[in-house]
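**Q** The structure follows.
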Amino acid sequence: MKVTIFGSGYVGLVTGACLAEVGNDVICMDIDQRKIDMLNRGEIPIYEPDLDQMVERNAREGRLKFTTDAKQAVEHGLFQFIAVGTPPDEDGSADLQYVLAVAETVAEHMTEYRVLIDKSTVPVGTADRVRARVRETLARLDKQADFDVVSNPEFLKEGAAIDDFMRPDRIVVGTDNPRTTELLRALYAPFNRSHDRLIAMDIRSAELTKYAANAMLATKISFMNELSNLADRLGADIEHVRNGIGSDKRIGYAFIYPGCGYGGSCFPKDVSALERTAHEVGFEAQLLNAVQDVNHRQKNILFKKISDHFDGDLKGKTIGIWGLAFKPNTDDMREAPSRALMEALWQAGAQVQAYDPVAGEEAKRIYGEREDLILVENPEAAVKDADALAVVTEWRIFQSPDFDEIKQLLKQPVVIDGRNIYDPEMLRQKGFAYYCIGRP
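So that you can map any letter, position 199 of the sequence shown is 198 in numbering that gives the first Met the number 0, and since no number is skipped, the others follow by simple counting.
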C-alpha cells in the first residue's frame, strides 16, 4: 500500500519505518529541510534502539523515502498519517496548529480519495476539526474530493517503540464508516496475524482512549510515589509493599515502581491536556489534578534528600548524577526528573557532573555550555571527587557498579538512589550514607 507520513519525529519515523518493513511504499514528509537531509544521508535525529538499521534497510531497498515536497507526499499515499507535534499550550491544552496545518496541506493538493489518519496524540474532537479544515480548504479552492478522517492513536513506549509497533497489544481505530475500518484493517493486517488485535470504535472514543491509557499509567506511578512517602514516615519498606500488591493479578507489577517522578513527552503533556479537556466541558477532574501535583512534588524529592544530608548548605558542592534521560533506552529529556534536580542544585550553588549513555548531547542542547555542568564520558568520571552520587535513571549500566571503587572516587560516601535499584543494607555495611525512596 502507498502511505504518506506527515512528521518525521519520533512517532512519524517509527510508524513510517515499521510500515515500510512489511512491504508498504512509504514517504515521510517534513517541513524541516535539515531533518530530511539528515534522513536522506542515513542519519537518525532521535535515539531509539534498532531504528537506525530499520530506516537504513528500507531506504536502501526503496520502500522508505523522505521529502519536503508536500504535493508529492499528498499525491503518493491513499493513507495520509498526521504524526506532527502537539506541544502543550500555555494553559496546558494541546496545541493543534500543526495538525490542522497538515489537514489544510492535504486538502490543497489532493485530487482523489484520501484517508487522513490522526496518529498524533490529540484531544477529543480533533478529528471533527480536521474534517472541518479540509472541507473549508476545499471550498476555498472550489475543489471537490472525497476523504475520510480516522483516529488511530499510537501506543509506543520510548526505548521499545519498534517492538510495540511490530507486535502491538492493541490497534485502536476510530472511524465513522465501515469503509475506513476495513481499509485500516487491511493496512494493519501484517501486525495482526496471530489473533485479532484491532479494536474498532467511534472516533471520539478512540481519541479519549489514548489520553485515558497514559493518564491511568501516570496515576499508578503517582499513587506508588504517594505510598512511598507514607512508607518513609511509617518505617515501612515500599519495595515489600510493591511486591505484596503487585502479586494481586488485578493490580499487577507494571508501573508500580516508586521513584523520583515520571517525565517524557507523553505522561506530563497528556495528563495536563486531559485535565484541560475536562475543564472545558465543565468537569473538575480531581484525580488528574492530584496525579500532577504528586508528580511535581516527587521530582523535588532527590534534591530534598541531598539538601537535608548537607544541612541545607550545597554551595560549592559537586553532585555526580547517573542518568539524564527520563527513562532508559532513550535520549529524551523532556520533563525529566534530572532537569528538576540539576536546576535546583544550581540554584543552591552546587555543581553537577553528569553521565548518561545517550542523552549527553541532548543535555548540551538544552543547557549549552555552563561552568556548573560537566558532562562526562563514563559513570566513574561522574563520581570522581564528587560530594555525593544521585542515581536518576535506571540504565542497566548502573545496576551493578563496583561500590568499592565508587567509595574511593567520591569525596564522601553518599548515594541518593532515585530508583531503588540498590540494596540498602549492603551499601550501609560498606559505609555509605544511602538514601532511597520509601525504604528504611
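Using N, Cα and C, we set each Cβ at its ideal position, and we do this for glycine too. None of these values were measured; they are calculated from a predicted model.
Using CA coordinates, which residue listed in H295, R275, F164, I300 is at the minimum distance from L50?
**A** It is F164 whose Cα lies nearest to the Cα of L50.
**Q** Taking the alpha carbon of V98 as the point to measure from, which residue in R128, V240, I405, K70 has its own alpha carbon closest?
**A** It is R128 whose Cα lies nearest to the Cα of V98.
**Q** Compare the beta carbon distance of N57 and A16 with 8 Å and say whether it is the shorter of the two.
**A** Contact flag set, yes.
**Q** By DSSP, does D94 sit in helix, in strand, or in coil?
**A** Correct three-state label for D94: coil.
**Q** Can you list, in chain order, the residues of its chain whose CB lies under 7 Å from that of H75, leaving out five sequence neighbours each side?
**A** Same-chain partners within the cutoff: K1, T3, I26.
**Q** Are A347 and K314 touching if we call contact CB-CB under 8 Å?
**A** Closer than 8 Å, so yes.
**Q** Considering only their Cβ atoms, is the gap separating P267 from E334 smaller than 8 Å?
**A** Yes, they are a contact pair.
**Q** Would G251 pass as a contact of G243 if the rule is Cβ separation under 8 Å?
**A** No; because the gap between Cβ atoms is not below 8 Å, this pair is not in contact.
**Q** Excluding the 5 residues preceding and the 5 following K70 in the sequence, name in chain order all residues of the same chain whose CB lies nearer than 7 Å to its CB.
**A** These residues qualify, in order along the chain: H108.
**Q** Who are the Cβ neighbours of Y433 in its own chain at under 6 Å, not counting the five residues just before and after it?
**A** Closer than 6 Å at the Cβ level, and outside the excluded window around Y433, lie V414, P423, L426, R427.
**Q** How is the beta strand (DSSP E) around L372 delimited, first residue to last?
**A** Run containing L372: 372 to 374, per the beta strand (DSSP E) assignment.
**Q** Check whether the segment 287 to 296 touches the segment 133 to 147, counting contact only when three or more Cβ pairs, one atom from each stretch, lie closer than 8 Å.
**A** No, because fewer than three Cβ pairs between the segment 287 to 296 and the segment 133 to 147 fall closer than 8 Å, the two stretches do not touch.
**Q** Taking R364 as the reference, give the member of A272, T66, R338 with the closest Cα.
**A** Out of A272, T66, R338, R338 has the C-alpha closest to the C-alpha of R364.
**Q** Quick check on this structure: which residue in Q79, V13, N299, P122 has the alpha carbon closest to the alpha carbon of I116?
**A** Residue Q79 is the option with its Cα nearest to I116.
**Q** So, A362 versus I318, is the Cβ gap smaller than 8 Å?
**A** Taking 8 Å as the Cβ cut-off, A362 and I318 do not qualify as a contacting pair.
**Q** Taking R132 as part of the alpha helix (DSSP H), name the residues at either end of that continuous run.
**A** Residues 125 to 139.
**Q** Tell me the DSSP secondary structure of W440 in three-state form.
**A** This structure gives no information on residue 440, because the portion of the chain shown stretches from 0 to 439.
**Q** Measure the CB-CB distance between A385 and K410 and report whether it falls below 8 Å.
**A** A contact, by the Cβ cut-off of 8 Å.
**Q** What whole-angstrom Cβ distance do S7 and R275 have, given they're in contact under 8 Å?
**A** Not confirmed; about 28 Å, so no contact.
**Q** Please list, in chain order, all residues of the same chain as L344 whose beta carbon is under 7 Å from its beta carbon, the five residues on each side excluded.
**A** Around L344: F302, L313, I318, V351.
**Q** Between C259 and V391, is the Cβ-Cβ spacing less than 8 Å?
**A** Cβ distance < 8 Å, so C259 and V391 count as in contact.
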